[in-house]
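For the sequence shown, our numbering gives the first residue as 1491, with consecutive numbering after it. The beta carbon of each residue, even a glycine, is placed where N, CA and C say it ideally should be. The structure appears below as structure tokens.
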Amino acid sequence: LHPLHSSGFSLVRYIAHPDLPLNDPLLDEWAERLALWLRDGVQVYWFMHCPDESRSPELCRALYRRLARLIDLPPLPWDDIDGARMEQQRLF
């Protein structure tokens, strides 16, 4: 696979391996590529999926931490929220 972009934006849909540690080298590689694209002014839309979707937020944070080591990124707004007190909201 040779990811590239041909316009001012890129849309990436990453399907994670269910054995989470197997994603580490792939996330490292993606962080390097995303850092290059962002430095070049490319707007990136990233979608993370995992067979167990409850793990997707964790994987997104892992990617963001990797990326933040390569380029200047603001902290995520929910990093200061106590996750133990969060609960799913109701639609109706």
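Problem set entry | Rounded C-alpha distance that separates N1513 from L1563 | 22 Å
For this session: Tell whether a beta-carbon distance below 8 Å holds between A1521 and L1557.
Result: Going by C-beta atoms, A1521 is nearer than 8 Å to L1557.
Exercise. Nearest-angstrom Cα distance between R1545 and L1553?
Worked result: 13 Å
Exercise. Taking buried to mean at least 16 other C-beta atoms within 10 Å of its own C-beta, is L1524 buried or exposed?
Worked result: buried
Problem set entry | DSSP-derived helix/strand/coil call for S1500 | strand
Problem set entry | Exposed unless 16 or more other CB atoms sit within 10 angstroms - verdict on L1581 | exposed
Exercise. In chain order, which beta strand (DSSP E) runs of at least 3 residues are fully inside the segment 1500–1565?
Worked result: 1533–1539
Exercise. Beta carbon of V1526, beta carbon of V1534: below 8 Å?
Worked result: The amino acid at residue 1526 is misidentified as Val; the sequence shows Leu. No.
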